[in-house]
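**Q** Before anything else, here's the structure in question.
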Amino acid sequence: MITGDQVKRVMLTSILLCSLFLGGCSEKPGSPEQPKTPETSAKTEETAKDSAPHNTEVKDDAQVALLNKIMQLARQGKVINCEFTANTTVIETVTGQWGEPDTMDYVPQAKGTYATYTKHHVVFGFNKGSQIFDVRSYDLEIKKLTLAEVKKTLGTPEMSRTYQGQDIIGYRAGTDYKLLFIFPQATPEEANPYVDHVNVFYPRGTVNWMADDPGREW
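Under this note's numbering, residues 6 to 223 are what the sequence shown spells out, in order.
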């Protein structure tokens, strides 16, 4: 027969065992929470990895948009951030609005005089009749473009040459104008140089029939 003392001992033992079991269980809810920290880190890393290509895509889209804008303006005889148009503008119109240029130099090889407006990041080439035939932009935005990006967006250039330490590529911009991109000459260390400046060129503005000079093609 089981005595009352034996029953008490059994109950006491059961209570102690349950206490130990529950005490052990009370620590376990913390265990599943521990992986949350590395899991969050993993998600952060994944987000960073995902955002890197996204940022690249945004940059690429911006450059494509800029190049398309440059070409669109070139078809009108213009460069970005400049209202003066090659072919239809004379240099006196520019000086009337912008004042005298910082420098003015005659360049025989280019068949014209070049007026530099440093503050506006623009240089104008004009002929003896004061007609502007060349508008050159040194705008800071275009200096973010690389040779590879230009070719990728605008395709294979119709003209490509190296001249006096510069790589020059050219595209037709409609029937009247040509768009040239000028880069520092590529080197093994820098095979994909950034744009130095762009030219919107009106070839017929360099023709001098009186001197039997057919002018420049590019």
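Beta carbons: idealized from backbone N, C-alpha and C, even for Gly.
Please read all numbers here as calculations on a predicted model, not as lab measurements.
Mind checking Val128: buried by the 16 CB within 10 Å criterion, or exposed?
**A** Answer is buried; the Cβ neighbour count reaches 16.
**Q** Which residue from Leu152, Gln190 and Gln77 puts its Cα closest to that of Arg177?
**A** Nearest option by C-alpha distance: Gln77.
**Q** So which of Glu222, Thr211 and Phe89 has the shortest CA-CA distance to Gln102?
**A** Comparing Cα positions, the closest option is Phe89.
**Q** On the CB-based measure, 16 or more other CB atoms within 10 Å of its CB, does Arg209 come out buried or exposed?
**A** By the neighbour-count rule (16 or more Cβ atoms within 10 Å), Arg209 is not buried but exposed.
**Q** Is the segment 155-162 touching the segment 124-144 in the sense that three or more CB pairs, one from each, lie closer than 8 Å?
**A** The segment 124-144, when compared against the segment 155-162, does not touch it at the 8 Å Cβ threshold.
**Q** For the beta strand (DSSP E) holding Lys124, just list the boundary residues, first then last.
**A** Careful: Lys124 lies outside any beta strand (DSSP E) and carries neither H nor E.
**Q** What does a CB cutoff of less than 7 Å around Asp107 pick up in its chain, not counting 5 residues either side in sequence?
**A** For Asp107, where only same-chain residues beyond five positions count, the Cβ hits under 7 Å are Thr121, Tyr122 and Thr123.
**Q** Hey, Ser142 and Val95 are a contact pair by Cβ (cut 8 Å); roughly how many whole angstroms apart?
**A** Not quite, the Cβ-Cβ distance comes to about 19 Å (not below 8 Å), so this is no contact.
**Q** In or out: Lys13 buried (at least 16 other Cβ within 10 Å) or exposed?
**A** Its pLDDT being 45, under 50, Lys13 is placed unreliably by the model, and the measurement read from it follows with that caveat. So Lys13 ends up on the exposed side.
**Q** DSSP three-state call for Arg209: helix, strand or coil?
**A** Helix at Arg209.
**Q** Run through the segment 149-192 for me and flag every whole beta strand (DSSP E) of 3 or more residues, listed as ranges in chain order.
**A** Counting only runs of 3 or more, we get 164-168, 171-178 and 182-189.
**Q** Please report the residue range of the alpha helix (DSSP H) in which Ile96 lies.
**A** Ile96 -> alpha helix (DSSP H) spans Ile96 to Trp103.
**Q** With DSSP collapsed to three states, give me the class of Ile75.
**A** Here Ile75 sits in helix by DSSP.
**Q** For the segment 110-117 against the segment 183-196, do three or more pairs of beta-carbon atoms, one drawn from each stretch, fall closer than 8 Å, so that the two count as touching?
**A** Flag = no, the segment 110-117 and the segment 183-196 do not touch.
**Q** In three-state terms, what does DSSP make of Asp139?
**A** Three-state DSSP puts Asp139 in a strand.
**Q** Please report the distance separating the alpha-carbon of Phe186 from that of Lys116.
**A** Straight-line Cα distance between these residues: approximately 19 Å.
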